[in-house]
Amino acid sequence: MKRVLMIITAISLALLASCSQTGEGSEELINSVREAETAFAEMAQRDGLRAAFVAYAHPDAVLNRGELIKGKDEIDRYYSDPNFDQITLKWSPSYIDVSSSGDMAYTYGPYELIRTDSAGNSVTNQGTFHTVWKRMSDGSWKYVYD
């Protein structure tokens, strides 16, 4: 019985230790996610929301926009509305974490959405964004949930 208890204790300690490890190169992975998030935001500024949200979407990505928009094709269709051409969206991650396996990450931070209302006035909304990222086989990151 003591032997079984010692084995269970050893396995439990090993599992706990593995959960707390951040993995080798975690700072490099965090920086690579930061670069992806920054490039995503810059593309949205430069090329528009549709181009950016399609380019950085995983094929099975989900957007939560009051309703769930599932898949890259639906994301493209959602952002094809010409009203999105009148919106400026700025964001920057204030927090980034990467899984110990290095294949998933999440980010969050402030965003600012600026649009023109029907009277021609500029309206600004601010909030916090949350994005879940998946690392692709080529090392790039695509969002799976935003």
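Heads up: the sequence shown is residues -22 to -1, 1 to 124, going by mature numbering (1 follows the signal peptide of the UniProt record, and there is no 0). Yeah, the Cβ is synthetic: ideal placement off N, Cα and C, and Gly gets one too.
Determine the DSSP secondary structure at ASP75, reduced to helix, strand or coil. Counting from one through the sequence shown, the residue named residue 75 turns up at place 97. Residue state, collapsed to three classes: strand.
With a Cβ-Cβ cutoff of 8 Å, do PRO88 and GLU15 count as a contact? Taking the first residue of the sequence shown as 1, we reach residue 88 at position 110. Taking the first residue of the sequence shown as 1, we reach residue 15 at position 37. Contact: no.
State the CB to CB distance for the pair THR85 and THR106, rounded to an integer number of angstroms; the pair is presumed to be in contact (CB under 8 Å). The residue given as residue 85 occupies position 107 in the sequence shown. The residue given as residue 106 occupies position 128 in the sequence shown. Actually they do not touch by this definition, with Cβ atoms about 11 Å apart.
DSSP three-state label for residue 185, please. Examination of residue 185 is not possible in this model, given that the chain is present from -22 through 124 alone.
When GLN64, LYS68, ILE74 are compared against SER96, the one with the closest alpha-carbon: Against the sequence shown, residue 96 aligns to sequence position 118. The shortest Cα separation from SER96 among GLN64, LYS68, ILE74 belongs to GLN64.
Hey, LEU27 and GLY80: beta-carbon distance below 8 Å or not? The residue labelled residue 27 in the question sits at position 49 within the sequence shown. The residue labelled residue 80 in the question sits at position 102 within the sequence shown. No.
Which of helix, strand or coil DSSP assigns to ASN42: The residue you call residue 42 lines up with position 64 of the sequence shown. Strand, per DSSP.
Residues near ALA19 by beta carbon distance below 6 Å, same chain, minus five either side: As a first step, residue 19 must be located in the sequence shown, where it is residue number 41. Cβ neighbours of ALA19 beyond the five flanking positions: TRP69.
Suppose you measure from the CA of residue 125 to the CA of ILE47; what does that come to, to the nearest Å? With the chain covering only -22 through 124, there is no way to say anything about residue 125.
Supposed close pair VAL40, ASP54 - CB separation, criterion 8 Å: Along the sequence shown, read from residue 1 onward, the residue named residue 40 stands at position 62. Along the sequence shown, read from residue 1 onward, the residue named residue 54 stands at position 76. Between ASP54 and VAL40 the Cβ distance is about 14 Å, and since that is not below 8 Å, they are no contact.
Can you grab the Cα-Cα spacing for the pair ASN61 / GLY44, in whole Å? Working through the sequence shown from its first residue, we reach residue 61 at position 83. Working through the sequence shown from its first residue, we reach residue 44 at position 66. Distance between ASN61 and GLY44, taken at the CA atoms: about 17 Å.
Counting C-beta neighbours from all protein chains within 10 Å, is the total for VAL101 16 or more, i.e. buried, or is it exposed? Translated into positions along the sequence shown, residue 101 becomes position 123. Classification of VAL101: exposed, given that the 10 Å Cβ count is below 16.
Between ALA22 and GLU13, what straight-line distance do the alpha-carbon atoms span, to the nearest angstrom? On the sequence shown, position 44 is the one that residue 22 refers to. On the sequence shown, position 35 is the one that residue 13 refers to. Approximately 14 Å, taken between the alpha carbons.
To the nearest angstrom, how far is the alpha carbon of SER58 from that of ASP51? By 1-based counting over the sequence shown, the position of residue 58 is 80. By 1-based counting over the sequence shown, the position of residue 51 is 73. Approximately 11 Å between the Cα atoms of the pair.
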